[in-house]
Structure formats: C-alpha cells, structure tokens
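See structure below.
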Amino acid sequence: MTTQHTTDGHRPAIRGFLAQFFGDHQPADEDDIFATGFVNSLFIMQLVLFVEGEFELTVEDEDLEMANFNTVAAIDAFVARKRATVAGD
Amino acid sequence: MATRVQLTAAQTAARAAYESFAQEHIAPHAGDWDREGALPKEFYATIGDAGHLAGAVPADYGGTALAPITFGLLNEELGRACSSVRSLLTVHGMVCQAIARWGSAGQRESWLPRLATGAAIGAFALTEPGAGSDVQGLATTARRDGDGFVIDGAKRWITFGQRADVFLLFARLDDRPTAFLVEATAPGLAVTPVRGILGTRASMLAELDLRDCRVPGEALLGRPGFGLNAVAATALELGRYSVAWGCVGLAQACLDASLSYAEQRQQFGVRLRDHQLVQRMLADMATHTSAARLLCQQAGWLRQDGDQQGLHATWLAKYFSSTTAFRSAADAVQIHGAHGCGEDYPVQRYLRDAKVMEIIEGSTELQQTTIAESAYLAPRAGTGRKVTE
Numbered sequence: 215m216t217t218q219h220t221t222d223g224h225r226p227a228i229r230g231f232l233a234q235f236f237g238d239h240q241p242a243d244e245d246d247i248f249a250t251g252f253v254n255s256l257f258i259m260q261l262v263l264f265v266e267g268e269f270e271l272t273v274e275d276e277d278l279e280m281a282n283f284n285t286v287a288a289i290d291a292f293v294a295r296k297r298a299t300v301a302g303d
Numbered sequence: 005m006a007t008r009v010q011l012t013a014a015q016t017a018a019r020a021a022y023e024s025f026a027q028e029h030i031a032p033h034a035g036d037w038d039r040e041g042a043l044p045k046e047f048y049a050t051i052g053d054a055g056h057l058a059g060a061v062p063a064d065y066g067g068t069a070l071a072p073i074t075f076g077l078l079n080e081e082l083g084r085a086c087s088s089v090r091s092l093l094t095v096h097g098m099v100c101q102a103i104a105r106w107g108s109a110g111q112r113e114s115w116l117p118r119l120a121t122g123a124a125i126g127a128f129a130l131t132e133p134g135a136g137s138d139v140q141g142l143a144t145t146a147r148r149d150g151d152g153f154v155i156d157g158a159k160r161w162i163t164f165g166q167r168a169d170v171f172l173l174f175a176r177l178d179d180r181p182t183a184f185l186v187e188a189t190a191p192g193l194a195v196t197p198v199r200g201i202l203g204t205r206a207s208m209l210a211e212l213d214l215r216d217c218r219v220p221g222e223a224l225l226g227r228p229g230f231g232l233n234a235v236a237a238t239a240l241e242l243g244r245y246s247v248a249w250g251c252v253g254l255a256q257a258c259l260d261a262s263l264s265y266a267e268q269r270q271q272f273g274v275r276l277r278d279h280q281l282v283q284r285m286l287a288d289m290a291t292h293t294s295a296a297r298l299l300c301q302q303a304g305w306l307r308q309d310g311d312q313q314g315l316h317a318t319w320l321a322k323y324f325s326s327t328t329a330f331r332s333a334a335d336a337v338q339i340h341g342a343h344g345c346g347e348d349y350p351v352q353r354y355l356r357d358a359k360v361m362e363i364i365e366g367s368t369e370l371q372q373t374t375i376a377e378s379a380y381l382a383p384r385a386g387t388g389r390k391v392t393e
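These protein sequence lines are chains A and B, in that order. Counting from 1 along the first sequence, just add 214 to a position and that's the residue number in our numbering. Counting from 1 along the second sequence, just add 4 to a position and that's the residue number in our numbering.
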C-alpha cells in the first residue's frame with residue numbers, strides 16, 4: 215500500500231457515504247466493508263459512482279480490485295493515489 | 005433534490021420521433037411477431053438503420069450516447085408498441101454499456117461500432133438452470149488454455165439468444181466470477197431456441213450449452229472476482245432502468261386500449277366509459293401510469309447527474325412500473341371482457357408481457373425485500389442526496 219499518499223482528508227466523506235448503508239454500525243477504518251453483510255449487489259456500483267463523483271476521478275477497469283475498496287482506509291488510499299496520478303499528468 | 009417533471013424541447017422532440025417510429029414500424033406487426041415467436045430479419049436492419057440500437061454506445065464508436073432520460077423515452081415508446089422489441093433494446097444496451105464502461109480498448113474498437121449499427125447484436129448470458137441474477141451462484145466454469153479460455157456450462161432464458169452475435173457471458177475462472185465476450189460462432193457453443201414462453205414471445209429466447217467452448221484471451225471482459233461484480237451490476241442496472249421505462253410504455257398501451265374500447269363499447273345501453281366501476285379501473289390506470297413515469301424520470305435525472313441515488317431510484321421505478329403494468333394489463337383485459345381474451349385485441353399480449361416484466365431484471369419480491377432493507381438503513385434513500393442545488 216502506498217501509505218505515503220494517504221490522507222485523512224477523504225475519510226469524512228467516505229464515512230458519510232457509508233453511513234447511508236451502515237447507519238449506527240459504521241465500520242472502523244480497517245474493517246472489511248464487504249464482510250459485514252450490510253451491503254448488497256447495488257452497493258459496489260453506488261460506491262464506484264460515489265468515489266467518481268465525490269473525488270472527481272474515473273474508476274478504471276484495472277482499479278476494480280477488492281484491495282482498493284474493502285475498507286475505509288483502502289478507499290482513502292486509492293483516492294489519494296488516483297488523485298496524485300491525475301495531478302501528475 | 006426536487007422532482008423534475010418537465011422534459012426539455014430536445015427530449016420532447018426525441019419522444020415524438022420514437023413514437024412515430026414505433027407506431028409505423030412496430031405496433032402494426034407486434035401481434036404477428038408475438039404469434040410467430042420472432043422478430044423478422046428485416047426488422048433488425050430497420051431498427052439498426054434508425055439508430056435505435058446505438059443509444060448505449062459512446063459517440064466515439066458511432067453511437068448516439070443517449071442521456072438517461074432520452075434513453076428512457078426510447079424504451080417507453082418502443083415498449084408501448086412491443087415488449088419484445090424493447091427487450092432487444094435492453095439486452096443489447098446492457099452489452100454495449102458493459103463494453104463501453106469496462107471493456108479494453110481493443111474490445112471497444114472491435115465491438116462497439118458494429119453494435120451501434122445493429123450489424124452485431126449483443127445478448128446477456130448470466131442466468132443458469134440453477135442460478136438467476138446471482139453471480140455468486142454461477143456453475144459455468146472457465147479455465148485457462150494456452151492464450152485463451154475453455155468454458156463449460158449451460159445458460160438459460162437468454163433473451164435474443166437465437167439472434168445474438170455476441171454474448172456477455174458469466175463463468176467462474178479459478179473460482180472467481182468472470183465476464184467473457186463469447187461470439188455465437190465460438191466452437192463448442194450450441195444455441196437452442198426456447199418456444200412457448202408466456203410473454204415477450206418474440207424475444208427469441210435461447211438456451212446456450214457450452215462444451216469445451218474455446219474463446220480467445222481477449223474475450224475476458226473486466227477483472228475476475230470483485231471487478232466482475234461491477235461489470236454485472238453495470239449491465240443489470242441499465243437493464244432494470246430499461247425495463248422500468250418499458251413498463252411505463254406497456255401501462256400506457258393498456259390505458260390507451262382501454263380508453264378506446266370503453267368509449268366505443270356499449271353495455272345495457274350505456275357506454276362502458278360511463279360505468280363507474282370501469283371508471284375506477286381507468287382512473288387507477290391513468291394515475292399509476294403517471295406515477296410510474298415520474299419515478300422513471302426521477303431515476304433518469306439522478307442517473308444523468310451521476311448521483312449514486314439513481315441506482316436506488318431505479319429499483320423503486322422498476323418495482324412500481326412493472327407492478328403497475330401488470331395491474332393495468334389485468335384491468336385492460338377485464339374491461340375488454342371476452343374480446344380481451346382473444347387475438348383481435350392486443351391486451352392479452354400486454355397481460356402476458358407484463359407478467360414477464362415482474363420476473364425479469366429482479367423479481368417483484370427481490371425488489372420489495374431490497375427496497376425494504378434500504379428503507380431501514382437509509383430512511384431518506386431515494387429522495388436524492390444533495391449534490392448541487
């Protein structure tokens with residue numbers, strides 16, 4: 215994981231998004247979102263649309279790895295990495 | 005987010021063009037196609053030449069890249085004339101969407117221009133004898149073989165399977181759900197027509213049997229496992245949205261037929277339209293059809309904004325539209341009496357088609373349980389998250 219890019223700045227928005235699905239059962243930063251049983255087949259598309267809309271980036275096919283999306287920390291790191299790439303272009 | 009109702013001038017014009025196409029090229033033949041259990045060969049050229057198969061294809065690849073509301077209007081107007089033709093829009097659009105969103109550059113260049121013109125027809129092959137819209141339950145397997153893959157398994161209820169040139173087909177690769185673009189000519193793929201289906205009889209259903217079916221390496225679409233969920237969900241979401249709008253058209257067709265019949269038919273010296281119990285059916289049909297259209301429009305606007313609430317709104321729209329279509333069709337047959345049971349009027353076809361709509365792309369019961377669960381988790385889900393005001 216490229217933790218050097220990780221920033222807490224994205225986490226409030228990510229937690230806000232997840233609150234729609236988890237309510238009071240908000241996962242901790244390292245909890246596996248997909249292991250909770252709270253998400254259905256719609257969730258992955260909503261998560262992709264949220265990440266794209268909120269952070270103004272495009273989720274590509276090669277980004278669709280569980281390791282990029284399975285925890286709050288992973289999403290945060292993924293967003294940081296993608297934004298760094300965009301900024302570097 | 006406020007509910008927007010008014011269509012733009014461009015959307016209104018597009019709707020008129022779709023209506024005119026459907027009333028000229030589809031509606032007069034829909035009953036015959038239903039009886040024959042197929043769309044005629046020439047029709048694929050007609051609808052392809054009109055550009056109506058290009059709605060989910062980006063402009064760079066020769067498509068019309070219709071915005072969600074406009075795509076919805078196309079589905080409504082074609083669905084009003086013939087649910088089988090609307091089913092073609094649905095499955096073809098699902099394949100176009102999946103390739104455009106998650107396909108490789110090579111797949112996009114190879115398939116999208118042909119899919120846009122209708123030179124190639126796409127179909128969606130997920131359902132199996134033992135598994136419906138459940139990617140985790142897939143029994144079809146794929147294994148690596150040299151540069152390509154070998155697929156074994158069976159697919160059932162594949163809409164336009166008899167006609168499709170390419171299938172977006174799901175299988176397990178190394179025990180991970182995976183999507184492939186399988187050409188109809190692939191060695192080891194057998195396509196068998198399914199006859200005698202209850203509704204959407206002209207949708208050319210097929211069974212697919214794959215035995216040592218060889219596909220090249222570039223047939224792999226998207227990433228196995230987690231990525232597959234996105235490929236399948238992208239396609240299924242578009243399918244559900246297409247069906248939702250198609251059901252608005254179907255409900256409208258039931259209302260149109262009922263209004264017309266109740267106007268001309270007399271019973272006990274009184275026009276049917278003046279019988280209060282008939283009026284109640286007409287009133288409910290008109291009201292529910294309008295409500296279904298509004299839910300579809302709301303889903304469309306949210307999708308147009310890239311708002312993730314658009315997905316939930318689409319579930320609401322599909323649930324309400326399909327149940328409305330079925331209830332409207334049942335009442336339309338009732339209003340038509342014995343005529344409603346025969347072939348001289350289209351309402352018996354509408355009833356059969358509407359029942360199918362309650363089963364495909366997420367059954368009514370699946371919609372209900374999902375919507376209920378969402379209501380617990382997010383009491384305000386579906387009202388739209390504030391993005392821009």
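Ideal placement from N, C-alpha and C gives every residue a C-beta, glycine not left out.
How should residue i be labelled, buried or exposed, when 16 other C-beta atoms within 10 angstroms of its C-beta is the threshold for buried?
i	result
Val-273/A	buried
Gln-268/B	exposed
Arg-90/B	buried
Glu-365/B	buried
Ala-317/B	buried
Ala-385/B	A caution first: Ala-385/B carries a pLDDT of 44, below 50, which makes its placement in the model too unreliable to give a value.
Arg-39/B	exposed
Lys-159/B	buried
Gln-352/B	buried
Tyr-65/B	buried
Thr-74/B	buried
Gln-166/B	buried
Lys-45/B	exposed
Tyr-380/B	exposed
Do residue i and residue j have their CB atoms nearer than 8 Å?
i	j	result
Thr-145/B	Gly-136/B	no
Ala-60/B	Leu-242/B	yes
Leu-212/B	Leu-193/B	yes
Leu-57/B	Met-208/B	no
Val-293/A	Asp-243/A	no
Asn-284/A	Phe-248/A	yes
Ser-264/B	His-292/B	no
Cys-251/B	Thr-328/B	yes
Pro-181/B	Arg-218/B	no
Met-280/A	Phe-230/B	yes
Leu-276/B	Ile-201/B	no
Val-198/B	Ala-210/B	yes
Val-139/B	Arg-147/B	no
Tyr-22/B	Leu-92/B	no
Can you tell me whether DSSP reads residue i as helix, strand or coil?
i	result
Pro-117/B	helix
Thr-145/B	strand
Ile-155/B	strand
Val-252/B	helix
Gly-97/B	helix
Asp-213/B	strand
Pro-220/B	coil
Leu-225/B	strand
Val-262/A	helix
Glu-377/B	helix
Gln-240/A	coil
Arg-269/B	coil
Ala-168/B	coil
Pro-243/B	The residue asked about is misnamed: residue 243/B is Gly in this sequence, not Pro. Reduced to three states, the DSSP call for Gly-243/B is helix.
Val-9/B	coil
Leu-306/B	helix
Arg-205/B	coil
Arg-199/B	coil
Val-235/B	helix
Gly-107/B	coil
In chain order, what residues of the same chain lie with their CB nearer than 6 Å to the CB of residue i, ignoring the 5 residues before and after it?
i	result
Asp-169/B	Ala-124, Ile-125 and Ala-188
Ile-30/B	Ala-85, Cys-86 and Val-89
Arg-362/B	Before going on, a small fix: residue 362/B reads as Glu here, not Arg. Excluding sequence neighbours, Glu-362/B sits near Ser-326, Phe-330 and Thr-368.
Arg-19/B	Leu-77
Gly-221/B	Asp-151 and Gly-152
Here's a check: name, in chain order, each residue in its chain whose Cβ is nearer than 8 Å to the Cβ of residue i, leaving out the five neighbours to either side.
i	result
Gly-134/B	Gly-141 and Ala-143
Pro-383/B	Legend: pLDDT at Pro-383/B = 48, less than 50; position of this residue unreliable, value from coordinates given subsequently. So the list is empty, once near-sequence residues are dropped.
Leu-259/B	Leu-286, Met-289, Ala-290, Thr-293, Ser-332 and Ala-336
Pro-241/A	Leu-232, Ile-247, Thr-250, Thr-285 and Val-286
Ile-162/B	Ala-127, Phe-128, Ala-129, Thr-131, Ala-168, Phe-171, Leu-209, Ala-210, Glu-211 and Leu-212
Ala-261/B	Ala-336, His-340, Tyr-349, Pro-350, Val-351 and Tyr-354
So, at 7 Å on beta carbons, what are the nonlocal neighbours of residue i in its own chain, with the 5 sequence-adjacent residues on each side left out?
i	result
Gly-107/B	Leu-225
- Task: Determine contact between the segment 287 to 305 of chain B and the segment 234 to 253 of chain B, defined as no fewer than three beta-carbon pairs at a distance below 8 Å.
- Result: Yes, since at least three Cβ pairs between the segment 287 to 305 of chain B and the segment 234 to 253 of chain B fall closer than 8 Å, the two stretches touch.
- Query: Do the segment 162 to 177 of chain B and the segment 98 to 116 of chain B make contact, defined as three or more Cβ pairs closer than 8 Å?
  - Reply: Cβ pair count under 8 Å is three or more, so yes.
- Message: Tell me whether the segment 103 to 123 of chain B and the segment 66 to 86 of chain B touch, counting them as touching only if at least three CB pairs, one residue from each stretch, are closer than 8 Å.
- Response: yes
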